[in-house]
Amino acid sequence: MGDLQGLRIAPRVPGDIDRLGRTFGPSARAYYLDRSRRQGVLLVARVGERAVGAAFVSTEPAPESAIIRHLGRVPMLHRLMVDASLRRKGVGTKLIAAAEAELRRRRLWRVAVGVDVDNASAARLYRRLGYREWAHGLLETIREDVKDGKTIAVPDVCHVFVKYL
Ligand SMILES: CC(C)(COP(=O)(O)OP(=O)(O)OC[C@H]1O[C@@H](n2cnc3c(N)ncnc32)[C@H](O)[C@@H]1OP(=O)(O)O)[C@@H](O)C(=O)NCCC(=O)NCCS
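Each step along the sequence shown adds one to the number in UniProt numbering, with nothing skipped, and position 62 is 62.
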C-alpha cells in the first residue's frame with residue numbers, strides 16, 4: 001500500500017487536468033478537459049502531485065434516447081480510470097464511492113454506468129458494489145473520444161448498470 005500512502009480523492013483542482021495527462025496520456029487529458037467544462041464533477045485520485053485515477057460524474061441528460069426513455073435524467077459515471085500500476089488496490093472502489101457520495105450530497109439518488117461488453121472486470125467491480133444490469137438489454141451508444149484535440153463520436157455497445165443510492 002506504500003504507493004498509495006496519502007491517497008486523496010476530491011473534485012478537480014487547478015493542475016489536475018495536466019496531472020491526469022501525465023498519468024493517462026494526451027487523449028485522456030483532452031477527454032477530461034472537455035468533460036470538466038460540462039455539467040458534472042471530475043473526481044481525481046491523487047497521491048501528492050501524482051494523479052492515480054479519475055472518474056467523471058455527468059449530470060447532463062444522457063445523449064442516448066434509450067437511457068432517457070428508461071431512466072430519465074439519470075447521472076452517469078464516465079471514464080473511470082486507475083493507473084495501471086496501481087490497480088486492484090481499492091482505488092477504483094474509492095472513486096466510485098466518492099462519486100456516489102457526491103451525488104447523494106446533491107440529493108441525487110440513482111447513478112448509471114455503461115460498461116463495454118468486453119470489460120468483464122469492470123462489470124464485476126460494479127456488481128460487487130451493488131450495481132445491477134438494467135432489464136433493457138445492451139445499449140447502442142456513442143463513445144466520446146478525443147482525436148487531434150477534437151471530440152469525436154465512436155459507435156459502441158455496452159451493458160448498462162444502475163444503482164439506487
Ligand atoms: C476498472 C478499474 C477502474 C478498476 O480500478 P481498480 O483500482 O483496480 O479497482 P479496485 O482495486 O477497487 O477493484 C478491482 C478488484 O481488485 C480487488 N481489490 C481491491 N482492493 C484489493 C486489495 N487490497 N487486494 C486485493 N484485491 C483488491 C477488488 O475486490 C476488485 O475485485 P473484483 O474485480 O473481483 O471485484 C481499472 O481496472 C481500470 O482503470 N481499468 C481500465 C479502464 C476501465 O476499464 N474503466 C472502466 C470503465 S466502465
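Cβ atoms here follow ideal geometry from the backbone N, Cα and C, with glycine treated the same way. Owing to the predicted nature of the structure, the values given are computational and were not obtained by experimental measurement.
Same chain, Cβ closer than 8 Å to residue i, neighbours up to 5 away in sequence not counted
i	result
residue 7	45, 46, 47, 52, 91 and 94
residue 142	63, 64, 153, 154, 155 and 156
residue 102	11, 41, 43 and 57
residue 68	61 and 62
residue 38	58 and 60
Cβ neighbour criterion (16 or more within 10 Å) applied to residue i
i	result
residue 138	exposed
residue 140	exposed
residue 35	buried
residue 58	buried
residue 75	buried
residue 49	exposed
residue 19	buried
residue 13	exposed
residue 111	buried
residue 28	buried
residue 131	buried
residue 136	exposed
residue 97	exposed
residue 99	buried
residue 84	exposed
residue 120	exposed
Contacting residues, own chain, Cβ-Cβ under 7 Å from residue i (five flanking each side not counted)
i	result
residue 40	56, 57, 58, 59 and 60
residue 149	30
residue 126	113, 115 and 161
Per DSSP, the bridge partner or partners of residue i
i	result
residue 156	141
Distance cut-off 7 Å: residue i Cβ against heavy atoms of ligand 3
i	result
residue 165	As for ligand 3, it is missing from this structure, which binds only ligand 1.
Any chain D beta carbon closer than 8 Å to residue i
i	result
residue 99	Absence of chain D from the displayed structure is noted, only one protein chain being present.
Contacts around residue i, its chain only, beta-carbon distance under 6 Å, and the 5 residues preceding and following it disregarded
i	result
residue 82	53, 91 and 92
query = Where in the UniProt domain "N-acetyltransferase" (7 to 153) do unbroken runs of the alpha helix (DSSP H), each at least 4 residues long, occur, reported from the N-terminal end onward?
reply = Correct list: 16 to 24, 26 to 36, 65 to 71, 91 to 105 and 120 to 128.
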